[in-house]
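Colleague: Heads up: the protein sequence lines correspond to chains A and B, in order. In terms of this note's numbering, the first sequence has 262 at position 262, counting the first letter as 1, and numbering is strictly consecutive. In short: position in the second sequence from 1, add 321, done, that's this note's numbering.
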Amino acid sequence: MTAPAAIVVQDLTRRFGTFTAVDRVGFEVGRGEIFGYLGANGAGKSTTIRMLCGLLAPTEGDAIVAGHRISTSPEQVKRSIGYMSQRFSLYPELTVRHNLEFFGGAYGMSGSSLRQGIASVLEQVDLVSQVDQSTGQLPGGMRQRVALACAILHKPGIIFLDEPTAGVDPVARRRFWALIRSLAASGTVFVTTHYMDEAEYCDRVGLMVAGRLPALDTPAGLKTRFVPGRIWVVRGPGLRGEDARARLLALPGAVEVQTLGAGLRVRVAAQAPTDAAAIQAALSGPVSIDEDEATLEDVFLAVVDANAQAAGASRAFGGAT
Amino acid sequence: MRARRFLIRVWALAHKESLHIRRDPLTLYLGLLLPLIMALLFGFGISFDIDHIPLAVADLDRSPQSRALVQDFVAAQEFEYRADLLDPDRAIRLMASDRATAVLTIPQGYARSLDRGETAVVGLQIDASDPNTAQQALARADIMAQVATARIAAEAGLLEKGSGGLPLSARTWTRFNPAARSALFLVPGVTAYVLALVAVLLTSLAVAREWERGSMEQLFATPVGRLEIVIGKLLPYLAMGCVQVLLVMTASAWVFDLPFRGSLVLLAFASLLFMLGMLGQGLLISVITRNQMVATQTSMLSAMLPSMLLSGFMFPIDNMPLFLRVISHLVPARYYIAILRGVLLKGNGVAELWGQVAMLALFALVMIAVSTVRFTRKLA
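Written as structure tokens, this is what we have:
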């Protein structure tokens with residue numbers, strides 16, 4: 001990366017009493033990147049994003065956001081970023097225009113620059129005709145776009161979105177992601193989510209588990225590293241029993257077998273000789289066999305699993321947690 | 322540039338808050354209608370003025386003289402004639418069952434004593450289970466007795482015209498509230514009480530609401546400073562408070578026929594400071610509790626009780642134990658009521674009231690400063 005990174009995070013830690021919500025997390029986000037931050041509820045995603053936005057002071061470690069240290073100059077950080085919080089908390093009884101006017105004013109905008117900003121941002125999020133409606137009466141997908149408009153009105157270089165698509169229908173989610181990609185053309189986007197399919201849209205994905213960041217790479221890179229090999233989906237009658245499952249696991253190089261609706265999904269190590277024919281041979285009766293691709297969900301499960309094993313191991317050796 | 326940004330942000334906040342107020346019927350009701358209703362209800366409801374004290378008479382003398390005495394008592398309508406019972410015991414029972422507050426007993430031989438030039442004795446019993454009423458009834462009865470004495474003496478020719486009459490005569494007259502109407506005493510207290518309660522309640526909800534909804538987090542992510550939030554939140558409510566003061570004052574002045582003897586400018590300034598202080602108190606509660614429910618209860622307790630009990634609204638502060646007298650110095654309503662009474666009734670100006678005005682200013686300043694300091698913009 002030639003240009004300085006938009007976000008640099010070093011050993012960022014936040015404790016609440018004895019509970020460590022974020023534990024020595026470090027990464028960099030380049031300019032123009034869409035950076036996805038994945039994790040289960042309570043993994044520490046929101047705590048991280050709040051620290052990066054200057055809303056929460058780190059207990060240890062630091063981060064530089066848009067050239068400002070979050071520990072020493074949170075106010076400069078706030079000025080240079082846009083933030084869309086969980087639940088996209090706007091003022092529901094105010095109209096779209098009044099919400100925009102308020103947040104524009106809060107960022108010090110006024111007069112013609114505010115008016116022009118509102119006009120162009122409404123165009124961008126396609127809400128021109130809803131401008132005088134009460135925000136609370138709009139459907140969820142539109143409300144979410146209003147919240148985004150409020151966060152980008154002052155043209156920040158970096159924008160943080162904390163679970164922006166929670167509780168929004170799939171069509172609205174897809175549309176919102178098209179918007180996020182258009183935003184990345186002119187700035188950096190940091191987005192948390194727990195939808196694995198959304199993470200596929202990101203340039204790079206960080207995976208948080210219990211306050212740590214054990215995995216960080218491009219979606220493809222994560223898949224190669226955490227779920228290597230080939231995946232086959234087997235469908236047909238007679239696959240329900242433990243018998244079929246055991247036979248698949250007995251194949252040379254078989255790593256894991258998952259139940260997938262009426263069928264089974266088997267992953268085989270990359271160098272193993274097992275192929276579609278071998279699977280067919282191992283099972284009696286007519287089955288259909290298709291090759292499948294690894295998903296980020298596979299990655300997520302693998303990482304969580306590895307983490308749980310590591311935690312179990314440390315407990316077994318008497319390590320305090 | 323900094324100052325301009327500051328003003329832009331304060332304006333944005335104040336404008337947003339005023340939109341909330343305009344769109345929220347409850348706030349409008351709380352802010353404008355409720356104080357008016359409360360002021361009128363309290364003003365009409367509470368009165369220490371006692372007329373028509375129900376009087377039972379046990380006239381055992383049955384003479385023209387005794388009937389003239391009863392006439393003296395009921396003529397001014399301060400006592401209202403209820404019954405004439407020949408048996409004093411039955412008269413007492415009437416008082417016990419609350420159908421009479423006073424019993425006048427005129428013994429047999431009343432007229433004869435008067436005719437002989439002896440001192441005639443009549444009895445007046447008063448129900449003192451309500452000491453305030455009893456006090457007033459007693460005072461009235463004394464005056465009645467004096468009036469009757471003078472009449473009887475004149476009729477008997479004991480007081481000749483121009484002889485100067487009784488050796489000592491004190492000329493008393495009541496100043497500032499000549500008719501001793503309790504409304505003139507109570508309405509300033511009611512005004513302060515109602516304004517305090519509503520002001521604290523309004524702002525205590527304003528900040529807690531944002532915490533509960535989660536919009537506070539979004540607000541903190543912007544470069545808006547805490548002083549800007551505090552001022553931006555206060556301004557629209559202060560404007561509303563001014564309308565409130567005007568409404569309540571005008572209505573009370575008109576309905577209760579309040580005099581206005583002092584400086585309007587001083588009163589307006591003091592009202593502004595008082596409202597600012599009470600709004601600041603509500604804001605502080607909101608900042609600390611972050612919860613509408615708790616904020617409502619805290620503001621009720623912290624505004625209602627002191628403004629009612631420790632402000633001199635009804636109970637004279639001078640009669641309180643030292644401990645309460647000291648605490649009453651922390652109650653802004655105390656100063657505001659003093660200013661209201663001073664300006665309205667006594668025609669006081671800055672010379673008499675500057676101390677009270679200064680205390681109101683100090684209270685407002687402390688409330689706003691503490692709210693700002695306690696306003697943590699970081700999320701817990």
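Note that CB positions come from ideal geometry on N, CA and C, so glycine has one too. None of the values given here were measured: they were computed from a predicted structure.
Quick check: what's the CA-CA separation for Ala572 of chain B versus Ile648 of chain B?
Modeller: Their Cα atoms are separated by approximately 31 Å.
Colleague: Anyone know if the C-beta pair for Ser536 of chain B and Leu56 of chain A falls short of 9 Å?
Modeller: The answer is no: Cβ separation not under 9 Å.
Colleague: Secondary structure at Ala377 of chain B, three-state DSSP: helix, strand or coil?
Modeller: Residue state, collapsed to three classes: strand.
Colleague: Quick check: what's the CA-CA separation for Gly633 of chain B versus Ile374 of chain B?
Modeller: Approximately 27 Å between the Cα atoms of the pair.
Colleague: Going by the CB atoms, is the gap between Leu283 of chain A and Gly367 of chain A shorter than 9 Å?
Modeller: Outside the modelled stretch of chain A, which goes from 1 to 321, sits residue 367 of chain A, for which no answer is possible.
Colleague: Which same chain residues end up closer than 8 Å to Met416 of chain B when comparing Cβ atoms and leaving out the 5 residues on each side of it in sequence?
Modeller: For Met416 of chain B, where only same-chain residues beyond five positions count, the Cβ hits under 8 Å are Ala377, Thr422, Ala423, Val424, Gln446, Asp448.
Colleague: I believe Leu597 of chain B touches Leu548 of chain B by the beta-carbon criterion, under 8 Å. Please report the beta-carbon distance rounded to the nearest angstrom.
Modeller: Wrong, their Cβ atoms sit about 15 Å apart, outside the cutoff.
Colleague: Taking only beta-carbon positions, decide if Leu55 of chain A is within less than 9 Å of chain B.
Modeller: Yes - at least one Cβ of chain B is within 9 Å of the one on Leu55 of chain A.
Colleague: Just by C-beta distance, which residues in the stretch 37 to 56 of chain A are closer than 9 Å to chain B?
Modeller: Cβ contacts with chain B come from Arg50, Cys53, Gly54, Leu55, Leu56.
Colleague: Is the distance from the Cβ of Leu604 of chain B to the Cβ of Ser692 of chain B below 9 Å?
Modeller: Cβ distance < 9 Å, so Leu604 of chain B and Ser692 of chain B count as in contact.
Colleague: Kindly indicate the opening and closing residues of the beta strand (DSSP E) around Leu94 of chain A.
Modeller: Element bounds for Leu94 of chain A: n/a, residue is neither H nor E.
Colleague: Nearest by alpha-carbon distance to Ala5 of chain A: which of A:Leu153, A:Arg50, A:Gly111, A:Ile158 is it?
Modeller: Out of A:Leu153, A:Arg50, A:Gly111, A:Ile158, A:Ile158 has the C-alpha closest to the C-alpha of Ala5 of chain A.
Colleague: Between the stretch 202 to 221 of chain A and the stretch 62 to 75 of chain A, can you find at least three pairs of beta-carbon atoms closer than 8 Å?
Modeller: No, because fewer than three Cβ pairs between the stretch 62 to 75 of chain A and the stretch 202 to 221 of chain A fall closer than 8 Å, the two stretches do not touch.
Colleague: Does the distance from the CB of Asp317 of chain B to the CB of Gln398 of chain B come in under 9 Å?
Modeller: The displayed coordinates of chain B run from 322 to 701. Any statement about residue 317 of chain B would go beyond what the structure contains.
Colleague: On the DSSP bridge list, what partners appear for Leu259 of chain A?
Modeller: In the sequence under discussion, the amino acid at residue 259 of chain A is Thr, which differs from the Leu named in the question. Its beta-bridge partners are A:Leu264.
Colleague: Measure from the alpha carbon of Ile427 of chain B to the alpha carbon of each residue in B:Ala517, B:Ala389, B:Gly676, B:Arg472, then state which is nearest.
Modeller: Here the closest residue by C-alpha is B:Ala389.
Colleague: Going by beta carbon distance, what residues of the same chain come within less than 8 Å of Phe696 of chain B, once the five residues before and after it are set aside?
Modeller: The residues are Arg547, Ile550, Val551, Val608.
Colleague: Using a C-beta to C-beta distance shorter than 8 Å, which residues of chain B count as neighbours of Ala106 of chain A?
Modeller: In chain order: Arg330, Ala333, Leu334, Leu540, Thr543, Pro544, Val545.
Colleague: I need the DSSP call for Arg325 of chain B, collapsed to helix, strand or coil.
Modeller: Three-state result, Arg325 of chain B: helix.
Colleague: Assuming Ile49 of chain A and Thr193 of chain A form a contact by the criterion Cβ under 8 Å, report the distance between their Cβ atoms to the nearest whole angstrom.
Modeller: The Cβ separation is near 11 Å, so there is no contact.
Colleague: Give the residues of chain B in contact with Lys78 of chain A, contact being defined as C-beta atoms less than 7 Å apart.
Modeller: Under the 7 Å cutoff, chain B gives Ala542, Thr543, Pro544.
Colleague: Assuming contact is defined by CB atoms lying nearer than 9 Å, are Ile25 of chain A and Thr13 of chain A in contact in what I supplied?
Modeller: With the sequence shown as reference, residue 25 of chain A is identified as Val, and Ile is not the correct amino acid for it. Their beta carbons are under 9 Å apart, which means Val25 of chain A touches Thr13 of chain A by this criterion.
Colleague: I'd like to know if the stretch 585 to 593 of chain B and the stretch 523 to 534 of chain B are in contact, where contact means that at least 3 CB-CB pairs between them fall below 8 Å.
Modeller: These segments do not touch.
Colleague: Starting from Thr617 of chain B, trace the alpha helix (DSSP H) both ways and give me its first and last residue.
Modeller: It spans 613 to 620 - the alpha helix (DSSP H) in which Thr617 of chain B sits, taken as one unbroken run.
Colleague: Cutting at 7 Å between CB atoms, please list the residues of its own chain near Gly663 of chain B, excluding the five before and the five after it.
Modeller: The answer, listed in chain order, is Gly583, Asn669, Glu673, Leu674.
Colleague: Report the residue from A:Met142, A:Ser186, A:Leu38 whose alpha carbon sits nearest the alpha carbon of Arg173 of chain A.
Modeller: Nearest option by C-alpha distance: A:Met142.
Colleague: Below 8 Å on the Cβ atoms is my contact criterion, and I expect Ile367 of chain B with Leu507 of chain B to pass it. Report the Cβ-Cβ distance as a whole number of Å.
Modeller: At roughly 6 Å, the Cβ-Cβ gap stays under 8 Å, so Ile367 of chain B and Leu507 of chain B are in contact.
Colleague: Is the shortest distance between the beta-carbon of Tyr201 of chain A and the beta-carbons of chain B less than 9 Å?
Modeller: For Tyr201 of chain A, the answer is no, since every Cβ of chain B falls outside 9 Å of its Cβ.
Colleague: When the Cα atoms are used, what is the spatial distance from Leu334 of chain B to Leu114 of chain A?
Modeller: In a straight line, the C-alpha of Leu334 of chain B is about 15 Å away from that of Leu114 of chain A.
Colleague: Arg502 of chain B versus chain A: which residues are under 8 Å apart at the beta carbon?
Modeller: Within chain A, no residue comes near Arg502 of chain B; the closest Cβ sits about 45 Å away, beyond 8 Å.
Colleague: Provide the residue span of the beta strand (DSSP E) that contains Glu401 of chain B, from first to last.
Modeller: Looking at the DSSP string, the run of the beta strand (DSSP E) that includes Glu401 of chain B is 400 to 405.
Colleague: Tell me whether Thr422 of chain B sits in a helix, a strand or coil according to DSSP, three-state version.
Modeller: Reduced to three states, the DSSP call for Thr422 of chain B is coil.
Colleague: Please list, in chain order, the chain B residues whose beta carbon lies closer than 7 Å to that of Ala87 of chain A.
Modeller: Strictly speaking, residue 87 of chain A in this sequence is Arg, with Ala absent from that position. Neighbours of Arg87 of chain A on chain B, chain order: Gly535.
Colleague: Considering only the alpha carbon of each residue, which of B:Lys554, B:Pro544, B:Pro499 lies closest to Arg323 of chain B?
Modeller: If we check each option's Cα against that of Arg323 of chain B, B:Pro544 comes out closest.
Colleague: Answer with yes or no whether the minimum CB distance from Val9 of chain A to chain B is below 9 Å.
Modeller: Val9 of chain A does not count as touching chain B.
Colleague: Since Gly236 of chain A and Gly187 of chain A should fall inside the 8 Å C-beta cutoff, what is the C-beta to C-beta distance between them, to a whole number of angstroms?
Modeller: About 50 Å separates the two Cβ atoms, so there is no contact after all.
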